[in-house]
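Position one of the sequence shown corresponds to residue -16 (our numbering), numbered consecutively onward.
One structure is given below, encoded as structure tokens.
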Amino acid sequence: PTTGGSAAMADAAPAVADCSAVARLRHAGAALVGHTNLSEFAFSGVGINPHHGTPANAATAALDATPRIPGGSTSGGAVSVAAGAAWAALGSDTGGSIRIPAALQGLVGFKSTARLVPTDGAIPLSTTLDTVCAITTNVRDALTVHEVLAARRVTLAHKPLAALRFGVPTTLMLDGLEPAVAAAFQRALATLRDAGARIEEIALPQLAELAALNAAGGFSAAESWAWHRRLLATKADQYDPRVAVRIRRGEKMSAADYIELTWARRDWIARTEAAMGEPSGFDAMLSPTVPLIAPAIAPLVGSDEAFFAANGALLRNPSAINFLDGCALSLPCHAAGEMPVGLMVWSGALRDDAVLDASLAIEAALAPSRGGSA
-16 PTTGGSAAMA DAAPAVADCS AVARLRHAGA ALVGHTNLSE FAFSGVGINP HHGTPANAAT
44 AALDATPRIP GGSTSGGAVS VAAGAAWAAL GSDTGGSIRI PAALQGLVGF KSTARLVPTD
104 GAIPLSTTLD TVCAITTNVR DALTVHEVLA ARRVTLAHKP LAALRFGVPT TLMLDGLEPA
164 VAAAFQRALA TLRDAGARIE EIALPQLAEL AALNAAGGFS AAESWAWHRR LLATKADQYD
224 PRVAVRIRRG EKMSAADYIE LTWARRDWIA RTEAAMGEPS GFDAMLSPTV PLIAPAIAPL
284 VGSDEAFFAA NGALLRNPSA INFLDGCALS LPCHAAGEMP VGLMVWSGAL RDDAVLDASL
344 AIEAALAPSR GGSA
């Protein structure tokens, strides 16, 4: 059965058919080795699950003895790939649930434009923002999985870095970076510049509007409340309270609030894409995927304040691309022996091929500093 990592769904009936994404993987010859767990109902970027336990970050285990968060919501999927138990992990990304654990565990997470992959069969978090996608160990594999999930061929221009122009938004995305993240990000930019890439800072002030636009809970609260309200009425005691309180924010949103948010998003996307120079300006934007290295599990389990602070910080950057209806790929940019740090390559809707093309070039350029070969 599909339980969404929740005790409230423990008695869910087994699926009688594969969803489209799984069916496409099977048809392509994928060996599906098992289900992995996640943050309850995909409702956090942290990866903590009080019902089934929290898997420790597999990538940081070799660097220090502190059990650190795996990132979420695709926590078990990311750990399975980082530990070598799976070649790829299927999940969803509504505000960063593929890219956050990829960044915290030194993996690649590609969130395609949402409409490209069917979401049938998945428990929805937000029907507006949900994207079915995957975590892999490298960009080429991410491209391959995307082609299967989207039933489409990616067209690569094979642009060298010297032919690529990137923007680095200075609004929001660079705020409050931990020193290790800031150092790895700036070192990556320097490496790309040395390889010939043109990199320019861009203000993109529209990003500062996101907190106000989503102050009432956004699409996730409204749309998850519509799905969960009946289940919460009978099984609220089986929900993680930290998840239930976020879902219940949607109860206070009216139909008018929801419609106004839809209008506001449409306007925001148009203004943001114009500021980015879409589609002929920058090849992609570059940002840190998240501003933190993976924090320790114990303090976040023990404190609501610490949990929500970490969750908000982790979701901040990647969720902007979901609201943009864009596409984004997180790839590792830390040096060998350092805590994992993700570099997010992103752009607007249906620019997936350009993001993948640029990510291949970026990955190759960063490989020597990460202990690999170009």
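Where is the CB? At the ideal position from N, CA and C, for every residue including glycine.
- Rounded C-alpha distance that separates residue 39 from residue 313: If you take the alpha carbons of residue 39 and residue 313, they lie about 20 Å apart.
- How long is the line joining the alpha carbons of residue 255 and residue 127, rounded to whole angstroms? Rounded to whole angstroms, residue 255 to residue 127 spans 29 Å at the Cα level.
- Can at least three beta-carbon pairs, one atom from the region 102 to 118 and one from the region 333 to 352, be found at a separation below 8 Å? no
- Please go through the same chain and pick out, in chain order, the residues whose beta-carbon is closer than 6 Å to the beta-carbon of residue 125, but skip the five residues on each side of it. 91, 93, 119
- Query: What residue ranges within the region 149 to 220 form continuous alpha helix (DSSP H) runs of no fewer than 4 residues, ordered along the chain?
  - Reply: 162 to 177, 193 to 196, 201 to 218
- Anticipated Cβ contact below 8 Å, residue 225 with residue 177, distance rounded: Not a contact, Cβ separation roughly 44 Å.
- With a threshold of 16 other CB atoms inside 10 Å of the CB of residue -4, please say whether the residue is buried or exposed. exposed
- Inspect the beta-carbon positions of residue 103 and residue 207 and report whether they are closer than 9 Å. 9 Å or more divides the Cβ of residue 103 from the Cβ of residue 207.
- Item | Nearest candidate by alpha-carbon position, reference residue 181, set 150, 157, 309 | Comparing Cα positions, the closest option is 150.
- Task: Buried or exposed for residue 237, please, with buried defined as at least 16 other CB atoms from any protein chain shown within 10 angstroms of its CB.
- Result: Around the CB of residue 237, fewer than 16 other CB atoms lie within 10 Å, so the residue is classed as exposed.
- Task: Figure out for me which residue from 309, 324, 318, 29 has the closest Cα to the Cα of residue 339.
- Result: Comparing alpha carbon positions, the residue from 309, 324, 318, 29 closest to residue 339 is 309.
- Message: Quick check: what's the CA-CA separation for residue 63 versus residue 71?
- Response: 8 Å
- Task: Can you give me the Cβ contacts of residue 324 inside the same chain, cut-off strictly under 6 Å, excluding the 5 residues immediately before and after it?
- Result: 164, 167, 316, 317
- Helix, strand or coil at residue 131 according to DSSP, with G and I counted as helix: Assignment of residue 131 by DSSP, reduced to helix, strand and coil, places it in the helix class.
- Query: What residue from 30, 8, 152 has the CA that sits closest to residue 291's CA?
  - Reply: 30
- Query: Based on the DSSP secondary-structure assignment, which residues constitute the bridge partners of residue 312?
  - Reply: BP columns for residue 312 point to 93, 328.
- Message: Give me the residue from 241, 162, 196, 27 with the minimum Cα distance to residue 252.
- Response: 196
- Query: If you follow the alpha helix (DSSP H) that residue 270 is part of, which residue opens it and which one closes it?
  - Reply: Element bounds for residue 270: not the alpha helix (DSSP H) but the beta strand (DSSP E), 267 to 271.
- When the Cα atoms are used, what is the spatial distance from residue -1 to residue 187? Take the alpha-carbon of residue -1 and the one of residue 187: they are about 46 Å apart.
- Query: When burial is assigned at 16 or more other CB atoms within 10 Å of the CB, is residue 141 buried or exposed?
  - Reply: exposed
- Message: Please report the straight-line C-alpha distance between residue 227 and residue 215, rounded to a whole angstrom.
- Response: CA-CA distance, residue 227 to residue 215, rounds to 8 Å.
- Rounded to whole angstroms, what's the CA-CA distance from residue -10 to residue 233? Just pull it up for me. 21 Å
- Item | Within 9 Å, strictly: CB atoms of residue 328 and residue 267 | yes
- Task: Go ahead and pull the three-state DSSP assignment for residue 245.
- Result: helix
- Task: Report the rounded CA-to-CA distance for residue 242 versus residue 199, giving the unit in angstroms.
- Result: 13 Å
- Query: Taking the alpha helix (DSSP H) that residue 63 falls in, what are its first and last residues?
  - Reply: 58 to 65 is the span of the alpha helix (DSSP H), which, as asked, contains residue 63.
- Query: Taking C-beta to C-beta, are residue 152 and residue 190 nearer than 9 Å?
  - Reply: yes
- Any chain B beta carbon closer than 9 Å to residue 351: Protein chain content of the structure displayed is limited to a single chain, and chain B is not contained in it.
- Return the bridge partner residues of residue 116 from the DSSP annotation. 74
- Item | Identified DSSP bridge partners for residue 281 | Answer is none; residue 281 lacks a bridge partner.
- Item | Supposed contact pair residue 297 and residue 83 - C-beta distance, whole angstroms, cut 8 Å | 5 Å
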